[in-house]
Amino acid sequence: NAGVTQTPKFRVLKTGQSMTLLCAQDMNHEYMYWYRQDPGMGLRLIHYSVGEGTTAKGEVPDGYNVSRLKKQNFLLGLESAAPSQTSVYFCASSISGLNSPLHFGNGTRLTVT
Amino acid sequence: AQTVTQSQPEMSVQEAETVTLSCTYDTSENNYYLFWYKQPPSRQMILVIRQEAYKQQNATENRFSVNFQKAAKSFSLKISDSQLGDTAMYFCAFGTSYGKLTFGQGTILTVHP
Numbered sequence: 304n305a306g307v308t309q310t311p312k313f314r315v316l317k318t319g320q321s322m323t324l325l326c327a328q329d330m331n332h333e334y335m336y337w338y339r340q341d342p343g344m345g346l347r348l349i350h351y352s353v354g355e356g357t358t359a360k361g362e363v364p365d366g367y368n369v370s371r372l373k374k375q376n377f378l379l380g381l382e383s384a385a386p387s388q389t390s391v392y393f394c395a396s397s398i399s400g401l402n403s404p405l406h407f408g409n410g411t412r413l414t415v416t
Numbered sequence: 020a021q022t023v024t025q026s027q028p029e030m031s032v033q034e035a036e037t038v039t040l041s042c043t044y045d046t047s048e049n050n051y052y053l054f055w056y057k058q059p060p061s062r063q064m065i066l067v068i069r070q071e072a073y074k075q076q077n078a079t080e081n082r083f084s085v086n087f088q089k090a091a092k093s094f095s096l097k098i099s100d101s102q103l104g105d106t107a108m109y110f111c112a113f114g115t116s117y118g119k120l121t122f123g124q125g126t127i128l129t130v131h132p
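In order, the protein sequence lines correspond to chains V and U.
Each residue of the first sequence is one higher than the one before, counting from 304 in this note's numbering.
Each residue of the second sequence is one higher than the one before, counting from 20 in this note's numbering.
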């Protein structure tokens, strides 16, 4: 039972490079989320999705794009990485939003030099 | 917009003793949930306990309990009989529509033998 799987676990990028982070869940959850965690700031919501084919902006969406073409996958893209995007990225999913708990992946540590 | 404040950056406790972590929040919403998450050095986000705002009874989960004061917008976590495995970063979080969470800055808890 894999739960929420994030790929890759670590990545180093140069400024201006692009990359995609993959989140996959095998629990048939409708809702999926991308958060970033920075020291002293807790986790902040980047984008989220309430179902296949839908996406919406969270608290800190600038510089990121997302896609939810399949229900089980939620992709986070960085088109032109900046040092300010150095962070740990967490994906999460839930069955039905507010009254169901979030299941988190183990995070991706991204460093932009 | 919601805000969540954890005023204790670090706390420490002796094994088997009790510790309380503080959390306050600000919102104009009526329907919401409150959560405490634990993040050990492994980086995994683990749900400790959750509280529905419409319930007056405080939630408990084994050694973990909350003191939910809705009028004061306070949501503290009490850990009884602290164990070495409780050493972690603890995040308070506010949950609203679509399951979006707003996190506090976190409190590092160290349990000493």
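Heads up, the beta-carbon is just placed ideally off N, CA and C, and yes, glycines get one too.
Segment limits, beta strand (DSSP E) that includes residue i
{"i": "Ile127(U)", "result": "Thr126 to His131"}
{"i": "Gln25(U)", "result": "Looking at the DSSP string, Gln25(U) is not in any beta strand (DSSP E), and its letter there is neither H nor E."}
{"i": "Ala395(V)", "result": "Ser390 to Ser397"}
{"i": "Cys326(V)", "result": "Met322 to Gln328"}
{"i": "His350(V)", "result": "Leu346 to Ser352"}
{"i": "Gly380(V)", "result": "Asn376 to Leu381"}
{"i": "Leu53(U)", "result": "Tyr52 to Gln58"}
{"i": "Ser387(V)", "result": "Here Ser387(V) belongs to no beta strand (DSSP E), and DSSP marks it neither H nor E."}
{"i": "Ser307(V)", "result": "For clarity, residue 307(V) is Val in the given sequence; the question names Ser instead. Taken as a continuous stretch (DSSP letters only), the beta strand (DSSP E) holding Val307(V) covers Val307 to Thr310."}
{"i": "Asn402(V)", "result": "Here Asn402(V) belongs to no beta strand (DSSP E), and DSSP marks it neither H nor E."}
{"i": "Ser31(U)", "result": "Glu29 to Gln33"}
{"i": "Thr414(V)", "result": "Thr411 to Val415"}
{"i": "Tyr336(V)", "result": "Tyr334 to Gln340"}
{"i": "Asp45(U)", "result": "Thr43 to Asp45"}
{"i": "Asn368(V)", "result": "Asn368 to Ser370"}
{"i": "Thr39(U)", "result": "Val38 to Leu40"}
{"i": "Val315(V)", "result": "Phe313 to Leu316"}
Proximal chain U residues relative to residue i, where beta-carbon distance stays under 9 angstroms
{"i": "Gly345(V)", "result": "Val23, Gln25, Phe110, Cys111, Ala112, Thr121, Phe122, Gly123, Gln124 and Gly125"}
{"i": "Tyr351(V)", "result": "Tyr117, Gly118 and Lys119"}
{"i": "Gly410(V)", "result": "Arg62, Gln63 and Met64"}
{"i": "Leu401(V)", "result": "Asn50, Tyr51, Tyr52, Gly114, Thr115, Ser116, Tyr117, Gly118 and Lys119"}
{"i": "Val391(V)", "result": "Arg62"}
{"i": "Tyr367(V)", "result": "In chain order: nothing, as chain U lies at least about 16 angstroms away."}
{"i": "Gly361(V)", "result": "Lys119"}
Contacts of residue i in chain V (Cβ-Cβ under 9 angstroms)
{"i": "Gln33(U)", "result": "Neighbours of Gln33(U) on chain V: none; closest Cβ ~26 angstroms, over 9 angstroms."}
Neighbour list for residue i in chain U, Cβ cutoff strictly below 8 angstroms
{"i": "Val315(V)", "result": "In chain order: nothing, as chain U lies at least about 17 angstroms away."}
{"i": "Ser397(V)", "result": "Gly118"}
{"i": "Leu348(V)", "result": "Lys119, Leu120 and Thr121"}
Contact set between residue i and chain V, taken where Cβ atoms lie within less than 7 angstroms
{"i": "Tyr44(U)", "result": "Those within 7 angstroms of Tyr44(U) in chain V number zero; the least Cβ separation is about 12 angstroms."}
Per-residue contacts from residue i into chain U (C-beta, under 7 angstroms)
{"i": "Pro404(V)", "result": "Leu66 and Arg69"}
Supposed contact pair residue j and residue i - C-beta distance, whole angstroms, cut 8 angstroms
{"i": "Ala107(U)", "j": "Gln58(U)", "result": "6 angstroms"}
{"i": "Phe80(U)", "j": "Ile98(U)", "result": "The amino acid occupying residue 80(U) in the given sequence is Glu; Phe does not appear at that position. Not confirmed; about 11 angstroms, so no contact."}
{"i": "Tyr334(V)", "j": "Gly400(V)", "result": "5 angstroms"}
{"i": "Glu71(U)", "j": "Tyr52(U)", "result": "6 angstroms"}
{"i": "Ser41(U)", "j": "Gln63(U)", "result": "Actually they do not touch by this definition, with Cβ atoms about 24 angstroms apart."}
{"i": "Lys119(U)", "j": "Gly361(V)", "result": "7 angstroms"}
{"i": "Thr308(V)", "j": "Gly408(V)", "result": "6 angstroms"}
{"i": "Ala385(V)", "j": "Val415(V)", "result": "6 angstroms"}
{"i": "Arg347(V)", "j": "Val391(V)", "result": "Incorrect: roughly 11 angstroms between the Cβ atoms, too far for contact."}
{"i": "Gln25(U)", "j": "Thr126(U)", "result": "5 angstroms"}
Contact with chain B by residue i, beta-carbon distance below 9 angstroms
{"i": "Phe407(V)", "result": "The structure shown contains no chain B; the protein chains it does contain are V and U."}
Check your understanding: Which full runs of the beta strand (DSSP E) of 3+ residues lie inside the region 65-131 of chain U, going along the chain?
Key -> 65-71, 83-88, 93-98, 107-114, 120-122 and 126-131
Review point. Closer than 9 angstroms, Cβ to any Cβ of chain V: which residues of the region 59-80 of chain U, in chain order?
Key: Ser61, Arg62, Gln63, Met64, Ile65, Leu66, Arg69 and Glu71
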